[in-house]
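Number of protein chains: 2
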Amino acid sequence: MADLFLALIHYPVVNRNGQVVTSAITSLDIHDLARSARTYGVRAFFIVHPIPEQREFAKSVIDHWRFDFGRAFDSRRREALELVRIVATLDDACAAAQETAGVRPLIVHTSARTERGESFASMRARLETPGAPPALLMLGTGFGMTPEMAARADILLEAIAGPTDYNHLSVRAAGAIILDRLRGR
Amino acid sequence: MADLFLALIHYPVVNRNGQVVTSAITSLDIHDLARSARTYGVRAFFIVHPIPEQREFAKSVIDHWRFDFGRAFDSRRREALELVRIVATLDDACAAAQETAGVRPLIVHTSARTERGESFASMRARLETPGAPPALLMLGTGFGMTPEMAARADILLEAIAGPTDYNHLSVRAAGAIILDRLRGR
């Protein structure tokens, strides 16, 4: 099974009005997605943020659970947070993933607005192919990544769909569902 | 397709030490699970809490988005929150579901610790059978529901599994994955 990486992108993303913004790091995104990543065997979960103070904040959230109070309080939470790495850019995440996996990962874009993307079944089969390259899944915060992030990707994954036309899942829910579709038993 | 209902249970649940507790309502649980419920065509999402002050809190979270600032700010969030109903007990949730669906729902228990439950494939087929009764999925907060809640259920759904032995998803992630497995396209 190919190595899988997850990257939570805070810039460049759009807000509800379509303006390009840098979103704030949310501690619950870190916790929820780390636990989902750990469940589905993700090798590393990158928090990608260009602002040093925001990266420091993310580090403090993680250190609290890794070294302080949280370590004794909830070891399963710590175990998940050990997957988290905090980086400034997507390039940094790719370089770190390459160092871990030995090969540059394919960059996989996810969005609720993708109209003709690679199917989950096809992406899952790709990851299960012996000798397949690693993959790095990008998840957008805010109201999703800007088109330039899609342009940087090797693969556009299809949007998650249920039986309705509502497509406004939280990034925590969408990340969990994507990992389950690609790696669930 | 049978009507599907979701119920988030705050009592009786256990804490990390296995003690029976009443957990607090979390506004993010309401938001995330309402959006997932809306995506997957759930008919109503019940917040079940025995303490009146906690039910008032949940109501204030929802009213903020339904009637005040939030209504203009984010109509998609409002649309999801319209599914939420706040009740004191599981019996109240079942009665309300029965009133909506016309038939008493099957109560479906979910847990990360279920060892031999009904498979997701079987449960999905059951919901897709013409004339099937509605189903009400119980999600536990804290470290999960007490055994008495499993005893009240008509069906124990199998635990979510990935390729690892880690089984500590957030209730927000687990709820999203369960709905996707039962109703995703």
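Protein sequences, first through last, are from chains A and B. Numbering-wise, the first sequence is residues 1 to 185 according to my numbering. Numbering-wise, the second sequence is residues 1001 to 1185 according to my numbering. Think of the CB as a built atom: it goes at the ideal place given N, C-alpha and C, for glycine as much as any other residue.
On a Cα-Cα basis, can you pick out the residue from the options that is closest to residue i?
| i | options | result |
| --- | --- | --- |
| R1181 of chain B | B:H1168, B:N1167, B:E1158 | B:E1158 |
| N1015 of chain B | B:A1024, B:L1008, B:A1007 | B:A1024 |
| V1058 of chain B | B:I1178, B:L1008, B:T1110 | Reading off the sequence, residue 1058 of chain B comes out as Ala, not Val. For the residues B:I1178, B:L1008, B:T1110, the minimum Cα distance to A1058 of chain B belongs to B:L1008. |
| G1144 of chain B | B:A1080, B:L1033, B:A1101, B:A1112 | B:A1112 |
| G1117 of chain B | B:N1017, B:I1178, B:I1155 | B:I1155 |
| L81 of chain A | A:P163, A:S27, A:A88 | A:S27 |
| A1002 of chain B | B:L1033, B:A1101, B:R1038, B:S1119 | B:A1101 |
| E99 of chain A | A:R43, A:T114, A:N17, A:S119 | A:R43 |
| A1135 of chain B | B:G1041, B:P1105, B:V1013, B:H1010 | B:P1105 |
| V103 of chain A | A:T114, A:G131, A:A125 | A:G131 |
| L169 of chain A | B:V1021, B:P1012, B:R1077 | B:R1077 |
| L38 of chain A | A:V21, A:S60, A:R55, A:L83 | The question names Leu, but residue 38 of chain A in the sequence shown is Arg. With distances taken between Cα atoms, R38 of chain A lies closest to A:L83. |
| R1035 of chain B | A:R185, A:A161, A:L179 | A:A161 |
| G1018 of chain B | B:T1146, B:I1107, B:D1074 | B:T1146 |
| A151 of chain A | A:E128, A:P163, A:Y166, A:I107 | A:I107 |
| F1149 of chain B | B:T1129, B:T1110, B:N1167 | Going by the sequence as given, residue 1149 of chain B is Met instead of Phe. Per the Cα distances, B:T1110. |
| I86 of chain A | A:V20, A:P133, A:L127, A:E56 | A:E56 |
| Q54 of chain A | A:R124, A:T22, A:N167 | A:T22 |
| A1153 of chain B | B:T1129, B:T1114, B:Y1166 | B:T1114 |
| M1123 of chain B | B:S1075, B:I1178, B:C1094 | B:I1178 |
| D165 of chain A | B:V1013, B:E1079, B:F1067 | B:E1079 |
| N1167 of chain B | A:A88, A:A125, A:S75 | A:S75 |
Can you tell me where the beta strand (DSSP E) holding residue i begins and where it ends?
| i | result |
| --- | --- |
| M1138 of chain B | 1135–1140 |
| Y85 of chain A | Note that residue 85 of chain A corresponds to Arg in the displayed sequence, not to Tyr. It spans 84–87 - the beta strand (DSSP E) in which R85 of chain A sits, taken as one unbroken run. |
| L1004 of chain B | 1004–1009 |
| A44 of chain A | 44–48 |
| L90 of chain A | Here L90 of chain A belongs to no beta strand (DSSP E); instead the alpha helix (DSSP H) covers 90–101. |
| H109 of chain A | 106–109 |
My understanding is that residue i touches residue j, with C-beta atoms under 8 Å, so please give their C-beta distance in whole angstroms.
| i | j | result |
| --- | --- | --- |
| I1030 of chain B | I1062 of chain B | 7 Å |
| V1048 of chain B | L1006 of chain B | That belief does not hold up - the Cβ atoms of V1048 of chain B and L1006 of chain B are roughly 10 Å apart, past 8 Å. |
| A1096 of chain B | F1046 of chain B | 7 Å |
| R1183 of chain B | Y1011 of chain B | The Cβ separation is near 27 Å, so there is no contact. |
| P1133 of chain B | R185 of chain A | Between R185 of chain A and P1133 of chain B the Cβ distance is about 28 Å, and since that is not below 8 Å, they are no contact. |
| L228 of chain A | L33 of chain A | It is not possible to answer for residue 228 of chain A, since the shown part of chain A is limited to 1 through 185. |
Which bits of chain B does residue i rub up against, with CB to CB less than 8 Å?
| i | result |
| --- | --- |
| L157 of chain A | Going along chain B, no residue has its Cβ under 8 Å from L157 of chain A, so there is no contact; the nearest lies around 14 Å. |
| D91 of chain A | Residues of chain B passing the Cβ test: none, with the nearest at roughly 28 Å. |
| G162 of chain A | T1039, Y1040, G1041, L1179, D1180, R1183, G1184, R1185 |
| D3 of chain A | Result: empty, since nearest Cβ-Cβ is about 12 Å, beyond 8 Å. |
| S119 of chain A | Neighbours of S119 of chain A on chain B: none; closest Cβ ~11 Å, over 8 Å. |
How is the alpha helix (DSSP H) around residue i delimited, first residue to last?
| i | result |
| --- | --- |
| F1057 of chain B | 1052–1067 |
| H31 of chain A | 27–39 |
| L81 of chain A | 75–81 |
| I1177 of chain B | 1171–1183 |
| L1127 of chain B | 1120–1128 |
| M149 of chain A | 147–152 |
Give the interface partners of residue i over in chain A, defined as CB-CB distance under 9 Å, in chain order.
| i | result |
| --- | --- |
| R1172 of chain B | L28, D32, S170, R172, A173, A176 |
| S1111 of chain B | Within 9 Å Cβ-Cβ: nothing; S1111 of chain B doesn't reach chain A, min ~15 Å. |
Which chain B residues sit within Cβ distance under 7 Å of residue i?
| i | result |
| --- | --- |
| R76 of chain A | H1168 |
| R16 of chain A | D1074 |
How would you list, in chain order, the residues of chain B whose beta-carbon sits under 9 Å from the beta-carbon of residue i?
| i | result |
| --- | --- |
| S23 of chain A | Chain B residues near S23 of chain A: none, gap ~15 Å exceeds 9 Å. |
Going along chain A, which residues have a C-beta under 7 Å from residue i?
| i | result |
| --- | --- |
| S1036 of chain B | L169, A173 |
Checklist entry - At a cut of 8 Å, does the segment 158–175 of chain A reach the segment 136–150 of chain A through at least three beta carbon pairs? => result Contact holds: three or more Cβ-Cβ distances are below 8 Å.
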